[in-house]
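Asker:
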Amino acid sequence: MSAPDPTSDARIPVTILTGFLGSGKTTVLNRLLRQPSLAGAAVIVNEFGAVGLDHLLIEASEEQFTLLDNGCVCCTVRGDLVATLKELDRKSQAGETTPLSQVIVETTGLADPAPILHTLMAEAELMTRFRIGGVVTTVDVVNGAATLARHSEAAKQVAVADRLLITKTDLVSNEALGDLQHHLEHLAPAVEQTIARNGEVELDLLASLPADAASDVARIAGRLEAADHHDHACGPDCHHGHDHHHDTHHGIRSFSFIIDKPVEWSAFTRWLDYVAALKGENLLRFKAIVRTTDDPERPLVLHGVQHVFHPPARLDRWPSADRRTRLVFIVRDIERETIARTLVKFAAIDAASIATPALAAA
């Protein structure tokens with residue numbers, strides 16, 4: 001029997017880009033979207049928290065982009081995902097948008113990709129027009145080993161992957177990189193690993209994923225089975241029994257602050273240093289867009305994971321009409337009130353200027 005022709009499947013591939021909090025998914029996505037092969041791609045982004053920021057930083061047109069921000073895609077918005085895919089297909093076929101060539105779903109960092117795959121496979125109508133293009137999982141080499149040991153979600157993301165993309169490799173030694181690669185080989189021995197430096201990928205990552213329609217369901221089913229048994233390999237500190245209520249079982253929660261007035265940058269950096277030093281271990285993810293007193297029309301974008309904060313990036317302009325400072329936290333066992341007090345005390349921010357959106361749970 002001759003080998004199947006991967007190009008014979010005319011269905012639209014849906015690629016899931018996943019990875020734990022702060023592992024570089026958005027950076028990688030922006031690099032991928034610059035590739036000519038993704039000119040007809042649509043992007044669906046799922047954010048975890050009361051205030052979304054990642055979608056403002058993704059370089060995609062309004063036509064390309066959809067935000068799912070009312071819950072975690074592996075828990076409460078799977079129906080929204082299905083409806084979004086159907087609507088994207090309808091618009092493409094009706095000529096209302098550019099012909100759809102590919103869909104990339106960027107999950108929240110706490111998502112378990114397995115229920116998403118199950119959802120896509122179970123929708124018979126959807127699968128006549130779409131196929132599962134594969135799962136790309138980003139793994140942060142700086143925090144990867146500790147994250148895999150502490151969080152079952154991270155190990156599940158690795159187990160389900162068709163391709164592992166190791167990020168932030170420019171920040172560690174070759175020995176540390178080799179140790180992580182060896183650990184990943186133990187968790188997912190059949191999965192190819194790719195190195196990214198500053199988010200750059202040396203190959204067309206999505207085009208190189210499996211595209212064999214005949215083995216599509218069997219391949220994904222095998223990944224899901226491997227994920228179901230990942231607990232045997234994820235280590236003694238791995239948290240078990242994840243039932244998609246992240247905050248209930250792991251003490252993980254998300255909260256956000258909106259600050260109306262511009263902030264004084266030197267005081268704000270003093271506050272960042274304090275938070276990183278005293279709360280870094282439980283600060284799973286911090287992201288912010290900040291309006292500063294010295295340059296209020298060009299915001300600063302901040303990212304942090306545990307004790308590590310990346311250098312701030314200055315945007316040329318605000319990405320939306322909202323010019324308020326927005327801070328988003330995903331934490332373990334840190335109370336919102338604790339962070340609020342530190343903002344007032346160390347960042348010299350008037351408590352009256354701080355607004356608090358509703359607390360978010362996965």
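In full-length UniProt numbering, the protein residues as written are 1 to 362. Beta carbons are placed, not taken as given, at the ideal position from N, Cα and C, and that holds for glycine.
Using a Cβ-Cβ cutoff of less than 6 Å, which residues in the same chain neighbour A196 once the five nearest sequence positions on both sides are dropped?
Answerer: In the sequence shown, the residue the question calls residue 196 occupies position 196. Only L165 and T167 meet the Cβ criterion.
Asker: Taking the straight line between their C-alpha atoms, what separation do you get for E337 and L29?
Answerer: The residue labelled residue 337 in the question sits at position 337 within the sequence shown. The residue labelled residue 29 in the question sits at position 29 within the sequence shown. E337 and L29: Cα-Cα distance of roughly 34 Å.
Asker: Return the first residue and the last residue of the alpha helix (DSSP H) that S37 is part of.
Answerer: Here the question's residue 37 lines up with position 37 in the sequence shown. It is not in any alpha helix (DSSP H) - S37 carries neither H nor E in the DSSP assignment.
Asker: Could you give the C-beta distance for R131 and P13, rounded to a whole number, given that I count them as a contact under 8 Å?
Answerer: The count along the sequence shown starts at 1 and reaches residue 131 at position 131. The count along the sequence shown starts at 1 and reaches residue 13 at position 13. Confirmed, Cβ separation roughly 6 Å.
Asker: Here's a check: name, in chain order, each residue in its chain whose Cβ is nearer than 8 Å to the Cβ of A340, leaving out the five neighbours to either side.
Answerer: Counting from one through the sequence shown, the residue named residue 340 turns up at place 340. So the list reads F257, A351, I354 and T356, once near-sequence residues are dropped.
Asker: By the 10 Å Cβ neighbour count, where 16 or more other Cβ atoms means buried, how is L17 classified, buried or exposed?
Answerer: One-based indexing of the sequence shown puts residue 17 at position 17. Buried.
Asker: When the distance is taken between beta carbons, is G24 closer than 8 Å to T138?
Answerer: The count along the sequence shown starts at 1 and reaches residue 138 at position 138. The count along the sequence shown starts at 1 and reaches residue 24 at position 24. Contact flag set, yes.
Asker: Per the contact definition of three or more C-beta pairs closer than 8 Å, is the stretch 31-39 in contact with the stretch 146-165?
Answerer: With the cut-off at 8 Å, the stretch 146-165 and the stretch 31-39 do not touch.
Asker: Going along the chain, which residues of its own chain have a beta-carbon closer than 6 Å to the beta-carbon of L302, five neighbours each way excluded?
Answerer: Position 302 of the sequence shown, counted from the first residue, corresponds to residue 302. For L302, where only same-chain residues beyond five positions count, the Cβ hits under 6 Å are A288 and P312.
Asker: In terms of residues, what are the limits of the alpha helix (DSSP H) holding P113?
Answerer: In the sequence shown, the residue the question calls residue 113 occupies position 113. Run containing P113: P113 to A122, per the alpha helix (DSSP H) assignment.
Asker: If you reduce the DSSP assignment to three classes, tell me which class V142 lands in.
Answerer: Position 142 of the sequence shown, counted from the first residue, corresponds to residue 142. V142: coil per DSSP, three-state reduction.
Asker: List, from N- to C-terminal side, the alpha helix (DSSP H) runs of 4 residues or more that fit wholly inside the UniProt domain "CobW C-terminal" (252-347).
Answerer: With a minimum length of 4 residues, the continuous alpha helix (DSSP H) runs that stay inside the UniProt domain "CobW C-terminal" (252-347) are 265-279 and 336-346.
Asker: Cα separation between F286 and L327?
Answerer: Here residue 286 is taken as the residue at index 286 of the sequence shown, counted from 1. Here residue 327 is taken as the residue at index 327 of the sequence shown, counted from 1. F286 and L327: Cα-Cα distance of roughly 7 Å.
Asker: How big is the Cα-Cα spacing for D128 and W265?
Answerer: Translated into positions along the sequence shown, residue 128 becomes position 128. Translated into positions along the sequence shown, residue 265 becomes position 265. Rather than Asp, the amino acid found at residue 128 in this sequence is Thr. Using only the alpha carbons, I get a separation of about 53 Å.
Asker: Output the distance between the C-alpha atoms of L117 and A176, rounded to the nearest integer angstrom.
Answerer: For the purposes of this step, residue 117 is taken as the residue at position 117 of the sequence shown. For the purposes of this step, residue 176 is taken as the residue at position 176 of the sequence shown. Between L117 and A176, the C-alpha separation is close to 32 Å.
Asker: Run through DSSP, which three-state label would G19 get?
Answerer: The sequence position of residue 19 within the sequence shown is 19, counting from 1. Residue state, collapsed to three classes: strand.
Asker: Below 8 Å on the Cβ atoms is my guess for Q102 versus G19; work out the distance and round it to an integer in Å.
Answerer: The residue you call residue 102 lines up with position 102 of the sequence shown. The residue you call residue 19 lines up with position 19 of the sequence shown. With a Cβ gap of about 19 Å, Q102 and G19 do not count as contacting.
Asker: Name the two residues that bound the continuous beta strand (DSSP E) containing A94.
Answerer: Translated into positions along the sequence shown, residue 94 becomes position 94. Neither: A94 is in no beta strand (DSSP E) and is coded neither H nor E.
Asker: According to the neighbour-count rule (16 or more other Cβ atoms, all chains shown, within 10 Å of its Cβ), is L148 buried or exposed?
Answerer: Reading the sequence shown from its first residue, position 148 is the one you call residue 148. Label assigned to L148: buried.
Asker: State the start and end residues of the unbroken alpha helix (DSSP H) segment that holds A176.
Answerer: For the purposes of this step, residue 176 is taken as residue 176 along the sequence shown, with counting starting at 1. Note, A176: alpha helix (DSSP H), N174 to L187.
Asker: Output the distance between the C-alpha atoms of T325 and D80, rounded to the nearest integer angstrom.
Answerer: In the sequence shown, the residue the question calls residue 325 occupies position 325. In the sequence shown, the residue the question calls residue 80 occupies position 80. So the alpha carbons of these two residues sit roughly 29 Å apart.
Asker: Taking 8 Å as the cut-off, decide whether the C-beta atoms of F329 and L272 are in contact.
Answerer: Your numbering for residue 329 matches position 329 in the sequence shown. Your numbering for residue 272 matches position 272 in the sequence shown. No; because the gap between Cβ atoms is not below 8 Å, this pair is not in contact.
Asker: Going by C-alpha distance, which of L315, T293, G280 and R317 is nearest H307?
Answerer: Numbered from its first residue, the sequence shown carries residue 307 at position 307. Cα-wise, what sits closest to H307 is G280.
Asker: Name the DSSP beta bridge partners of I104, please?
Answerer: In the sequence shown, the residue the question calls residue 104 occupies position 104. I104 is bridged to T15 and V43.
Asker: Can you tell me which of A154, N174 and D316 puts its alpha carbon nearest to the alpha carbon of L187?
Answerer: Here residue 187 refers to the residue found at position 187 when the sequence shown is read from its first residue. Measuring from the Cα of L187, the nearest candidate turns out to be A154.
Asker: Beta-carbon within less than 6 Å of V135's beta-carbon, same chain only, minus the 5 sequence neighbours each way: which residues are those?
Answerer: Position 135 of the sequence shown, counting from 1, holds the residue named residue 135. For V135, where only same-chain residues beyond five positions count, the Cβ hits under 6 Å are I16, P113, V160, A161 and D162.
Asker: Rounded to whole angstroms, what is the Cα-Cα separation between K86 and E106?
Answerer: Locating residue 86 in the sequence shown gives position 86, counting from the first residue. Locating residue 106 in the sequence shown gives position 106, counting from the first residue. Near 17 Å, if we compare the C-alpha coordinates of E106 and K86.
Asker: When DSSP builds the beta bridges, which residues end up paired with G134?
Answerer: As a working mapping, residue 134 is identified with position 134 in the sequence shown. Looking at the DSSP assignment, G134 forms a beta bridge with T15.
Asker: For S61, is the classification buried or exposed, using 16 other Cβ atoms within 10 angstroms of its Cβ as the cut-off for buried?
Answerer: Indexing the sequence shown from 1 puts residue 61 at position 61. Any reading at S61 must be qualified, since the residue scores a pLDDT of 46, below 50, and its modelled position is unreliable; no value is offered.
Asker: If you compare alpha carbons, which of V45, L100 and A83 is closest to A10?
Answerer: The sequence position of residue 10 within the sequence shown is 10, counting from 1. The option with the nearest alpha carbon to A10 is L100.
Asker: Roughly how many angstroms lie between the CA atoms of T108 and V331, to the nearest whole one?
Answerer: In the sequence shown, residue 108 corresponds to position 108, counting from 1. In the sequence shown, residue 331 corresponds to position 331, counting from 1. Each residue's alpha carbon lies about 14 Å from the other.
Asker: Within this structure, are the beta carbons of G22 and V275 separated by less than 8 Å?
Answerer: Here the question's residue 22 lines up with position 22 in the sequence shown. Here the question's residue 275 lines up with position 275 in the sequence shown. Not closer than 8 Å, so no.
Asker: Around the Cβ of L283, are there at least 16 other Cβ atoms within 10 angstroms (buried) or fewer (exposed)?
Answerer: As a position in the sequence shown, residue 283 is number 283, starting the count at 1. It counts as buried.
Asker: Got a sec? Which residues, its chain only, sit under 7 Å from K345 by beta carbon, not counting five neighbours each side?
Answerer: Here residue 345 refers to the residue found at position 345 when the sequence shown is read from its first residue. Excluding residues within five positions, none has a Cβ falling inside 7 Å.
Asker: Take the Cβ of H182 as the centre, count every other Cβ of all protein chains shown within 10 Å, and call the residue buried at 16 or more, exposed below.
Answerer: Locating residue 182 in the sequence shown gives position 182, counting from the first residue. Burial call: exposed.
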